[in-house]
Each structure stands twice: as structure tokens, then as C-alpha cells.
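For reference, the structure is listed below as C-alpha cells.
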Amino acid sequence: YMAIGDDDQCIYEWRGANPSFILNFEKNYGAKVYTISDNFRSCAQQILPANAVIAHNKRRYPKFLSLTRGFGGSTQILAQKDEWEIAKHIAGEIADRIAAGQSTREMAVLIRLYSQTAHLEAAFMEKNIPYEIVGAPEFYKRDELLPLFQYLSFAFAEAEIAESGFPEDPKQIKKYHEMFANIVNKPRRYISRDIVDGAQRMSRQTRRSVIDVLKHQKEVLPKRVQQQVDDFCETIRLLLLRLKRPAHKTLGWLVEQIEYESHLIRISGQMEIGQSRVQTVKALIEFAKMKNLRCGEFLAHLREITIQPIPNPENLPPVKMLTIYKSKGLEWQTVFVPGSSEGTAPFVVSEDKSDEVAKIAHVEAERRLFYVAMTRAKANLFLYYSAEKNISPFLDEAKTPSLLTQIDKLAKEVAAAPDFRRESEQIEFIERLGQLRLDRFFTRWSNALHPLRNHWHSDFQRWQMHIRDAEAAEAAYREALTQYQSDHEKVERQVRKFEKNIRESGILIHKFKSAYYPVKIGQTIQFEVMDDGGVIGVSGSGMVGMVDFDEMPRFDRAAVIWERSAVIIGRILSDTQVEARFSTLAFDNTHLQSKVSGWRKPSPPKDALRRFLNPNFRRGLITIFGK
């Protein structure tokens with residue numbers, strides 16, 4: 132039997148998948164693992180950055196995708212002002228490619244969240260680019276947004292009734308009552324169907340607004356419902372006052388007033404689904420802010436773009452917008468990934484940081500998802516992030532911008548069959564080959580390095596000699612370093628012993644006859660150093676006397692930083708002499724180290740020699756010469 136899978140593409144954990152199933156398969160079933168690394172889809176500009184990104188996952192098989200198609204593609208990381216500018220850039224790029232003859236079937240936009248389509252749809256409409264959102268309705272038809280539109284529309288209907296009276300048209304009345312029924316329990320207010328039906332019936336019979344009916348019949352309602360009815364009526368009253376304001380401000384207020392975000396999370400079942408719906412609501416408010424229309428104008432604009440189809444005289448297939456989850460196993464010539472930003476890649480579901488293990492697992496799952504997105508492109512990959520946010524940590528930690536520069540440089544060098552004049556240029560080229568792990572490509576799939584192999588044959592012999600010299604120098608250094616570390620430990624022990632002897636030594640102070648205040652046991656003495664090297668003891672009352680080094684022949688006076696040290700008087704030996712012990716002792720480490728041997732650390736081989744030991748250099752040599 133055979134099981135096939137890729138732990139790096141395990142992205143459906145929310146429905147039971149887990150990378151451990153593959154990682155533990157060998158152990159659980161006594162299986163033999165065969166790594167199929169050759170990638171026949173993408174170019175170096177996609178494969179190598181993707182390898183660098185996924186390598187930061189710890190819980191995975193250590194493997195790399197191997198290049199087979201060469202350097203014919205491109206990956207661009209683009210920062211735009213905001214999400215709207217990103218959407219316009221994507222639409223513009225697609226329009227240019229359509230004009231150049233590229234099929235819309237060969238292009239796709241991969242999103243992390245459906246909320247990202249708001250600006251994209253608007254930008255595509257402006258450019259008359261047909262599109263299809265796979266797995267979800269168009270942005271303005273989504274369930275989480277419809278109640279907000281209906282709140283606004285219902286408020287306008289209430290305003291119309293207040294100004295012009297109850298409508299005559301039965302269809303208009305029916306629509307008005309349906310809007311009321313749709314919003315009265317969003318969020319849940321537990322106002323029963325009977326109450327809703329009764330309010331609608333009374334509204335038709337008396338030709339009054341349902342809000343007016345609810346207010347007048349509130350007293351006959353069960354007490355547990357009266358507060359909810361009051362809350363709903365008050366929300367509509369306040370909303371009426373805000374209808375002439377900019378739509379984004381009114382929508383933002385409404386979402387907060389009815390605690391709509393909490394409602395969406397509560398009814399969603401899974402936290403990520405709830406957060407995604409919340410992001411959709413936030414995207415709507417951002418889109419409204421970008422349009423800068425008042426509420427009525429904004430609703431009219433939404434009606435226009437949802438009713439009016441995109442002109443498509445050439446009958447082009449729609450460009451697909453789909454989540455990364457739905458893109459697995461698919462491929463396109465050109466792939467656009469908006470949201471390559473911190474906060475979206477990875478998408479932060481919760482701010483709870485208490486469970487570190489769960490947090491790491493979530494980030495690794497998000498990294499796998501981003502890796503899948505990067506490996507959908509056959510030739511062209513566009514990664515976008517907003518200047519309002521940081522670039523995705525996945526791209527940052529993999530040093531992707533720098534890596535792409537290295538890839539482009541190597542591609543040009545290989546294409547030009549370089550004739551380097553300096554050895555340093557040759558070495559940089561070889562290290563670049565090794566760093567990018569292209570040995571399998573150039574030995575199995577490309578003969579582009581064959582001219583170099585022949586041209587650099589004599590250089591190869593010299594480099595082999597350099598490697599042997601570097602290995603010998605490194606071995607000698609390691610041996611000397613080991614000996615130094617052993618000697619260093621001995622030296623440290625000697626220094627500690629030396630310090631201990633000084634710390635425990637008694638200090639004799641010869642008192643000045645002119646000292647006015649008597650010296651007491653327990654008194655603290657500090658020191659000052661004279662120009663001639665003599666050390667004076669000073670108490671809080673004044674000068675006490677000189678340290679009597681003549682009576683301490685074995686004491687190393689230079690080992691102590693006297694100005695930063697202090698003693699406490701322990702004994703009064705005579706009228707002219709006292710003994711003290713250190714309470715604060717500052718050592719002159721340089722002096723102490725000079726008292727013992729073996730302190731000099733060996734120097735490593737020079738960098739110019741050590742670079743021949745660089746694993747990337749060795750791997751690059753093998754890539755060129757195969758040995």
C-alpha cells in the first residue's frame with residue numbers, strides 16, 4: 132500500500148486534518164518515506180521564496196521543493212497606500228494582461244478572507260473585468276451585510292411615512308413590513324413572531340408605522356419583552372437622526388449600537404467564521420468611507436452595482452476570486468495575493484496569548500496556507516501589502532525581498548555565461564548557487580552551468596586547495612580554542628582564589644595623630660588615593676589615617692579599586708592602628724588577569740579563508756562540478 136501527502140500543504144485542520152497524520156505515519160505503520168521534491172509547476176521566483184517561508188515551520192519534514200522549470204517567472208512584493216489602491220493595482224494589472232492577450236482563465240486572485248473582495252469587486256467593476264467569487268455570493272449580497280442595508284432602508288421608509296404618510300402601494304407596504312421582520316431580531320431580541328405579526332397587522336389596519344404601533348401597544352406586551360421593544364424603537368429613532376450623515380459614520384455607529392460584531396461571532400459557531408464575518412462588516416465601512424457618500428446615496432450606489440451587470444462584449448471568462456483553501460491543487464499562470472500583510476497572513480483569530488502551544492500551532496497552520504498560495508503560480512506571482520500595515524511576518528522572516536534580488540541576480544548571471552575577473556566574484560556566485568539549493572536543478576534539469584564547469588576547471592583545483600588549507604586552519608583553531616577553554620577555567624579558578632584571599636585579608640590603617648574624632652568598631656571607612664599612590668581612610672566625620680601597606684607585605688594593593696571600595700573596622704589594635712575588613716570590594720580585573728597566564732584567546736582563521744568552509748560554497752561547487 133502507499134499513502135501520498137504533503138505535511139506542508141495540510142490546510143484543512145478545521146475539518147479534521149492534521150499534519151501529525153503524515154509526520155507520524157512512518158512510525159505508526161513502519162513505512163518507508165520517499166520524498167518527491169521536483170516541482171513541475173512554478174519557476175525559481177516562486178519556488179525558492181516559498182521554500183524559505185515554509186522552512187520556518189518546526190513541525191514538518193525537512194524538505195525543499197526542487198526547481199525544474201528554471202528562471203522564467205517573476206515574483207513581485209508590492210506595497211500600496213491602502214486596500215483600495217491594492218485592488219486598483221490588481222485590476223489594472225489584469226486589464227493590461229487581457230489587452231496583451233493573456234486569458235482570464237490563466238489569472239486568479241487568492242484571498243484569505245471573503246471580506247477582502249469588497250474593494251476588489253469595485254475595482255473590477257470600474258475596469259469592466261468580469262469576475263466570479265468562488266464559494267460565496269458577491270460582497271454586497273452577503274448575509275452579514277443585508278441586515279445593515281435593511282436597517283438603513285427601513286429607517287428611510289420610517290422617515291417617508293413621518294413626512295408623507297403611510298404608503299398606498301401594497302407592494303411597498305409588503306416590502307416595508309418584510310424589512311421590519313428581518314431586522315427586529317437582528318441581533319436577537321427575542322421578540323416573538325406573534326408580536327411581529329401583530330404589529331404588522333395593526334400597522335396595515337391603522338395605516339401607522341410599525342414603530343408607532345409598538346410604542347403604543349408596549350404596555351400590553353410581556354414585561355420581559357418591553358425592554359427589547361424599547362431598545363429597538365430607540366435604535367430606529369437615533370438612526371433616523373443620522374441618515375443625512377456620511378454612510379461610513381452611520382454604519383459604524385449602527386454596528387456599535389446594536390453590538391453587531393458580538394452577534395456575528397455568537398451565531399457563527401466557529402471563531403474564525405465569526406471573525407471573517409466581522410471583517411466583512413469592517414470592509415463595508417471602509418468601502419463606504421472611500422466612497423464618501425451619504426446614506427441614501429450609498430444605498431443607491433449599492434443598488435446600481437448589484438443590478439447592473441459588467442459589460443462583457445468579448446464574452447471573456449470571469450477572473451476567479453477564491454480563498455486559498457479553495458485554491459489547493461489548482462494552478463494559474465498569474466496569481467495575485469492581496470493581504471500579504473501582518474494581521475491577514477497570519478490571520479489573528481483571537482488575542483488570547485495564554486496558550487503558547489496553540490498559538491504556535493495556529494501560526495504554523497497560517498504559514499502553510501500562505502505557502503499554498505505562493506505555489507499556485509506557474510510564472511507570475513504578485514504579493515500585496517498595505518502601507519497602513521506591516522509586511523507579512525512570513526515574508527519578513529524569510530527575507531523574501533533580499534532573496535528575490537539574489538534569484539534575479541543569479542538568473543542574469545547564468546543567462547550571460549559569466550566570465551568573472553575577480554575570485555571574489557566567482558566565490559559570491561558559487562555561494563549564491565549553494566544558498567538557493569539549486570544543485571538538483573543544474574545537475575538533472577539544466578546544462579546551463581556546463582560552460583562554467585569546463586572554463587573553471589583549473590580554478591576548481593585551486594579552490595580544493597583553499598578548502599584543505601581552511602580545514603587545516605579551522606582544525607588548528609578548534610584545538611587551540613579547546614585548550615584555551617580548559618586553561619581559561621583554570622585561570623578563572625586562580626582569579627577567584629586570588630579574589631577570595633584579598634576579600635578575607637585584614638586591612639591595617641595607621642591613624643593620624645591629628646584625627647579629631649575617635650574611631651569605633653563597626654564604623655565604615657571609605658578611601659581616597661593620593662598622587663603618590665598612598666591610600667587614605669575617610670569616615671563620615673573626617674580623615675582617619677593611611678592604609679599601612681608596610682605592615683601588609685603580601686597584600687596586592689593594585690588589585691583593588693580603592694575609590695569604589697569600603698571597609699568596616701573590626702578591631703582597634705592600638706592608639707595608632709586599627710584593623711578592618713572589606714564590606715564593599717571593587718576589583719581591577721585587568722590587573723588580576725595579568726597576574727595569571729593563559730588568558731589570551733586564540734584568533735580564528737581570517738574570513739577570506741573561512742568562507743571556503745561555508746556550506747553554501749561547498750554546495751555551490753558540487754552544483755557546478757558534481758563532486
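Counting in this note's numbering, the sequence shown runs from 132 upward without gaps.
Think of the CB as a built atom: it goes at the ideal place given N, C-alpha and C, for glycine as much as any other residue.
(Q) For the beta strand (DSSP E) containing Val666, name the first residue and the last one. (A) Position 535 of the sequence shown, counted from the start, is the residue given in the question as residue 666. Boundaries of the beta strand (DSSP E) around Val666: 666-670.
Q | Chain-order list of residues whose beta-carbon lies under 7 Å from that of Leu385 (same chain, five-residue window excluded) | A | Walking along the sequence shown from the start, residue 385 turns up at place 254. Leu279, Tyr282, Leu370, listed in sequence order.
(Q) Just list the residues that DSSP pairs Tyr282 with in beta bridges. (A) For the purposes of this step, residue 282 is taken as the residue at position 151 of the sequence shown. DSSP lists no partner for Tyr282.
Q | Distance between Tyr502 and Met133 (C-alpha atoms, nearest Å) | A | For the purposes of this step, residue 133 is identified with residue 2 of the sequence shown, where counting begins at 1. For the purposes of this step, residue 502 is identified with residue 371 of the sequence shown, where counting begins at 1. Spanning the two alpha carbons is a distance of roughly 25 Å.
Q. At which residues does the beta strand (DSSP E) containing Met677 begin and terminate?
A. Sequence index remark: in the sequence shown, residue 677 carries index 546 (1-based). Per DSSP, Met677 belongs to the beta strand (DSSP E) from 673-678.
Q: Write down the C-beta distance between Leu374 and Cys426 rounded to the nearest angstrom, noting that I regard them as a contact closer than 8 Å.
A: Reading the sequence shown from its first residue, position 243 is the one you call residue 374. Reading the sequence shown from its first residue, position 295 is the one you call residue 426. The Cβ separation is near 5 Å, so the contact holds.
Q) What did DSSP end up calling Thr707 once you bin it into helix, strand or coil? A) For this step, residue 707 is matched to residue 576 along the sequence shown. Coil, per DSSP.
Q. What are the boundary residues of the alpha helix (DSSP H) that Glu556 is part of?
A. As a working note, residue 556 is residue 425 in the sequence shown. For Glu556, the uninterrupted alpha helix (DSSP H) segment begins and ends at 554-566.
Q: Assign His379 to one of two classes, buried (16 or more other C-beta atoms within 10 Å of its C-beta) or exposed (fewer than that).
A: Reading the sequence shown from its first residue, position 248 is the one you call residue 379. Flag for His379 reads buried.
Q: Output yes or no for whether 7 Å exceeds the beta carbon distance between Phe195 and Arg563.
A: Position 64 of the sequence shown, counted from the start, is the residue given in the question as residue 195. Position 432 of the sequence shown, counted from the start, is the residue given in the question as residue 563. With respect to the 7 Å criterion, Phe195 and Arg563 are not classified as neighbours on the basis of their beta carbons.
**Q.** Between the CA atoms of Ile598 and Leu740 - distance to the nearest angstrom
**A.** Locating residue 740 in the sequence shown gives position 609, counting from the first residue. Locating residue 598 in the sequence shown gives position 467, counting from the first residue. So the alpha carbons of these two residues sit roughly 8 Å apart.
Q.
For Leu276, tell me which candidate among Met683, Asp227, Ala419, Ile700 has the shortest Cα-Cα distance.
A. Against the sequence shown, residue 276 aligns to sequence position 145. Minimum Cα distance to Leu276 is reached at Ala419.
Q | Beta-bridge pairing of Arg425 - partner residues as DSSP gives them | A | Taking the first residue of the sequence shown as position 1, residue 425 is located at position 294. DSSP output for Arg425 lists Pro377 as bridge partner(s).
**Q.** Given 8 Å, three or more beta-carbon pairs between the region 285-295 and the region 339-347
**A.** Judged by Cβ distances under 8 Å, the region 285-295 makes contact with the region 339-347, as three or more pairs qualify.
(Q) Suppose only complete runs of 4+ residues qualify. What are the alpha helix (DSSP H) ranges in the region 158-208, listed by chain order? (A) You should have 175-185.
Q.
What does the Cβ neighbour count give for Ser714, buried or exposed, with the cut at 16 atoms within 10 Å?
A. The residue labelled residue 714 in the question sits at position 583 within the sequence shown. Around the beta-carbon of Ser714, fewer than 16 other beta-carbon atoms lie within 10 Å, marking it exposed.
Q. Around the C-beta of Glu495, are 16 or more other C-beta atoms found within 10 angstroms, so that it is buried, or is it exposed?
A. For the purposes of this step, residue 495 is identified with residue 364 of the sequence shown, where counting begins at 1. By the beta-carbon neighbour count (other beta carbons within 10 angstroms, threshold 16), Glu495 is buried.
Q | 3-residue-minimum beta strand (DSSP E) runs that sit fully inside the region 607-677, ordered along the chain | A | Whole beta strand (DSSP E) segments, 3+ residues: 638-642, 655-660, 666-670.
Q. Where does the unbroken alpha helix (DSSP H) through Ile326 begin, and where does it stop?
A. The sequence position of residue 326 within the sequence shown is 195, counting from 1. Where Ile326 is concerned, the enclosing alpha helix (DSSP H) stretches over 324-337.
(Q) Give me, in chain order, the residues of the same chain whose beta-carbon lies closer than 6 Å to that of Ala312; leave out the 5 immediate sequence neighbours on both sides. (A) For the purposes of this step, residue 312 is taken as the residue at position 181 of the sequence shown. The residues Val327, in chain order, have a CB closer than 6 Å to that of Ala312 in the same chain once the five nearest residues on each side in sequence are set aside.
Q. Is the distance from the Cβ of Tyr262 to the Cβ of Met421 below 7 Å?
A. For the purposes of this step, residue 262 is taken as the residue at position 131 of the sequence shown. For the purposes of this step, residue 421 is taken as the residue at position 290 of the sequence shown. Taking 7 Å as the cut-off, the Cβ atoms of Tyr262 and Met421 do not count as close.
**Q.** Contact set for Ala186: own chain, Cβ-Cβ below 6 Å, skip 5 residues either direction
**A.** Mapped onto the sequence shown, residue 186 falls at position 55. Annotation for Ala186: no residue places its beta carbon closer than 6 Å to its own, counting only its chain and skipping 5 residues before and after.
Q) Quick one: Cα of His394 to Cα of Gly400, how far? A) Sequence index remark: in the sequence shown, residue 394 carries index 263 (1-based). Sequence index remark: in the sequence shown, residue 400 carries index 269 (1-based). When rounded, the separation of the alpha-carbon atoms in His394 and Gly400 is 11 Å.
Q.
Could you tell me the alpha carbon to alpha carbon distance between Ile652 and His619, rounded to whole angstroms?
A. Working through the sequence shown from its first residue, we reach residue 652 at position 521. Working through the sequence shown from its first residue, we reach residue 619 at position 488. If I take the Cα positions, the gap works out to 41 Å.
Q) Cβ of Leu209 within 7 Å of Cβ of Tyr515? A) Taking the first residue of the sequence shown as 1, we reach residue 209 at position 78. Taking the first residue of the sequence shown as 1, we reach residue 515 at position 384. Contact flag set, yes.
Q. What residue from Ile522, Ala508, Leu433 has the CA that sits closest to Pro477's CA?
A. Here residue 477 refers to the residue found at position 346 of the sequence shown. Considering only alpha carbons, the answer is Ile522.
Q | Through-space distance from Glu556 to Asp687, alpha-carbon basis | A | One-based indexing of the sequence shown puts residue 687 at position 556. One-based indexing of the sequence shown puts residue 556 at position 425. Going from the Cα of Asp687 to the Cα of Glu556 covers about 57 Å.
Q. Hey, out of Arg190, Lys490, Gly201, Ser151, whose CA is closest to Ala510's CA?
A. Looking up residue 510 in the sequence shown gives position 379. If we check each option's Cα against that of Ala510, Gly201 comes out closest.
Q: Could you tell me if Gln531 is buried or exposed, where buried requires 16 or more neighbouring beta carbons within 10 angstroms of its beta carbon?
A: Here the question's residue 531 lines up with position 400 in the sequence shown. The amino acid at residue 531 is misidentified as Gln; the sequence shows Thr. Of the residues assessed, Thr531 falls on the buried side of the cut-off, its CB having 16 or more other CB atoms within 10 angstroms.
Q) Should the region 658-678 be called in touch with the region 635-649, which here means at least 3 C-beta pairs below 8 Å? A) Because the criterion of three Cβ pairs below 8 Å is met, the region 658-678 and the region 635-649 touch.
Q. What are the boundary residues of the alpha helix (DSSP H) that Trp463 is part of?
A. In the sequence shown, residue 463 corresponds to position 332, counting from 1. Trp463 -> not in any alpha helix (DSSP H); beta strand (DSSP E) instead, spanning 463-468.
Q: State the Cα-Cα distance for the pair Gly223 and Ile367, rounded to the nearest angstrom.
A: On the sequence shown, residue 223 is found 92 positions in, with the first residue counted as 1. On the sequence shown, residue 367 is found 236 positions in, with the first residue counted as 1. Each residue's Cα considered, the two are about 41 Å apart.
Q | Cross-strand partners of Thr531 (DSSP beta bridge) | A | Reading the sequence shown from its first residue, position 400 is the one you call residue 531. Thr531 pairs with nothing; no bridge assigned.
(Q) Whole angstroms are fine: how far does the CA of Gln176 sit from the CA of Pro318? (A) Counting from 1 along the sequence shown, the entry for residue 318 is found at position 187. Counting from 1 along the sequence shown, the entry for residue 176 is found at position 45. Cα-Cα distance, rounded: 48 Å.
Q | Alpha-carbon to alpha-carbon, Arg507 and Gly460 | A | The residue given as residue 460 occupies position 329 in the sequence shown. The residue given as residue 507 occupies position 376 in the sequence shown. Cα-Cα distance, rounded: 8 Å.
Q: Please name the residue in Ser617, Glu635, Phe467 whose C-alpha comes closest to that of Val691.
A: One-based indexing of the sequence shown puts residue 691 at position 560. Of the candidates Ser617, Glu635, Phe467, the one whose C-alpha sits nearest the C-alpha of Val691 is Glu635.
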